[in-house]
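Contents: one structure, followed by commentary.
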Amino acid sequence: MSTPSVEGRPLDDAALVERARNGDVNAYEELVQHYQELAFRVAYQVTSNAADAEDAAQEAFVNAYYALGRFRSGAPFRPWLLRIVANEARNRRTSATRRTLLAERAQAAQTSGEAAPSPEAAAEAGEIRSTLLSAMQRLGQEDRLILAYRLFFDLSEAEMAEALDCPRGTVKSRLSRALGRLRALLPADLGKPPSESVNG
């Protein structure tokens, strides 16, 4: 036979949620204390990292608090909260994976052993990059993002599809359109040797 506190918990949750929705911070603190360990365990299952799981659980409680107004009265609180926890943990895992990939790429670039470019080549590359960045600022946010993924972060189509949460075919078409719009904003002689740009 269950203990009265376990049997009564869903009713307690409903009462605490209602009080929290009406501005009772102490009621929400009780919900947090009751579900803190479970939220951490769920987040840990997603992230496999204690620090990320703890951060995800804490952020999920904050997000849930601000979303209480959208919580359907009478619905069970626990599954609603755990969905928020799992979503936050997935977001953290995805961000951590991206950070790791970028750090590995940066490390690989530093240790590749390639010779440093000449001062002239470095200056020209800086000028090209500046022109490119200036043109990109005139594009829409979606174009800037996909171009940055491709040109600056060197993400593959599969990685861009994952980062943008869309199919690879959509990435290909968005990238193609964005590159077309970028080309229209760039000088025709960008990146050509000076003799070629003067003559044609």
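Position 62 of the sequence shown, counting from 1, maps to 533 under the numbering used here, and the rest follow consecutively. Just so it is clear, CB atoms sit at the ideal spot from N, CA and C, and this is done for glycine as well.
Local conformation of residue i per DSSP, three classes
{"i": "GLN507", "result": "helix"}
{"i": "LEU610", "result": "coil"}
{"i": "GLY597", "result": "helix"}
{"i": "ALA560", "result": "helix"}
{"i": "SER589", "result": "coil"}
{"i": "ASN497", "result": "helix"}
{"i": "SER544", "result": "coil"}
{"i": "ASP660", "result": "coil"}
{"i": "ASP483", "result": "helix"}
For residue j and residue i, believed in contact at Cβ under 8 Å, the rounded distance
{"i": "GLY614", "j": "ALA655", "result": "In the sequence under discussion, the amino acid at residue 614 is Asp, which differs from the Gly named in the question. About 11 Å; that fails the 8 Å criterion."}
{"i": "PHE434", "j": "ALA528", "result": "Given a span of 472 to 671 for the chain in the structure shown, any question on residue 434 remains unanswerable."}
{"i": "ALA491", "j": "LEU539", "result": "6 Å"}
{"i": "LEU552", "j": "ALA535", "result": "5 Å"}
{"i": "ARG564", "j": "VAL517", "result": "6 Å"}
{"i": "ARG645", "j": "LEU610", "result": "Not confirmed; about 12 Å, so no contact."}
{"i": "TYR620", "j": "ALA634", "result": "6 Å"}
Extent of the continuous alpha helix (DSSP H) to which residue i belongs
{"i": "ARG640", "result": "In the sequence as displayed, the identity of residue 640 is Gly instead of Arg. Residues 639–656."}
{"i": "ALA629", "result": "628–635"}
{"i": "ALA531", "result": "521–538"}
Assigned exposure category for residue i - 16 Cβ within 10 Å defines buried
{"i": "ASP660", "result": "exposed"}
{"i": "TYR499", "result": "buried"}
{"i": "LEU604", "result": "exposed"}
{"i": "PRO571", "result": "In the sequence as displayed, the identity of residue 571 is Thr instead of Pro. Under this definition THR571 is an exposed residue."}
{"i": "PHE623", "result": "exposed"}
{"i": "VAL496", "result": "exposed"}
{"i": "GLU559", "result": "buried"}
{"i": "ILE599", "result": "exposed"}
{"i": "ALA524", "result": "buried"}
{"i": "ALA596", "result": "exposed"}
{"i": "LEU514", "result": "The displayed chain sequence assigns Ala, not Leu, to residue 514. ALA514 comes out buried."}
{"i": "GLU478", "result": "Its pLDDT being 47, under 50, GLU478 is placed unreliably in this model, and the value from its coordinates should be taken loosely. The residue in question, GLU478, is exposed, as its Cβ has fewer than 16 Cβ neighbours within 10 Å."}
Residue i versus the options, residue with shortest Cα-Cα distance
{"i": "ALA629", "options": "ALA521, ARG609, ARG569 and GLN612", "result": "ARG569"}
{"i": "ALA485", "options": "TYR515, PHE542 and ARG512", "result": "PHE542"}
{"i": "ALA546", "options": "THR565, GLU575, ILE617 and ASP483", "result": "ASP483"}
{"i": "TYR506", "options": "ARG600, LEU622 and ARG554", "result": "ARG554"}
{"i": "GLU501", "options": "ASP636, VAL556 and PHE548", "result": "PHE548"}
{"i": "SER544", "options": "GLY597, ALA514 and VAL488", "result": "VAL488"}
{"i": "ASP625", "options": "ARG576, SER601, VAL642 and THR641", "result": "ARG576"}
CB contact below 8 Å: residue i versus chain C
{"i": "GLU633", "result": "As a matter of chain content, chain C is missing from the structure shown, which is built from one protein chain."}
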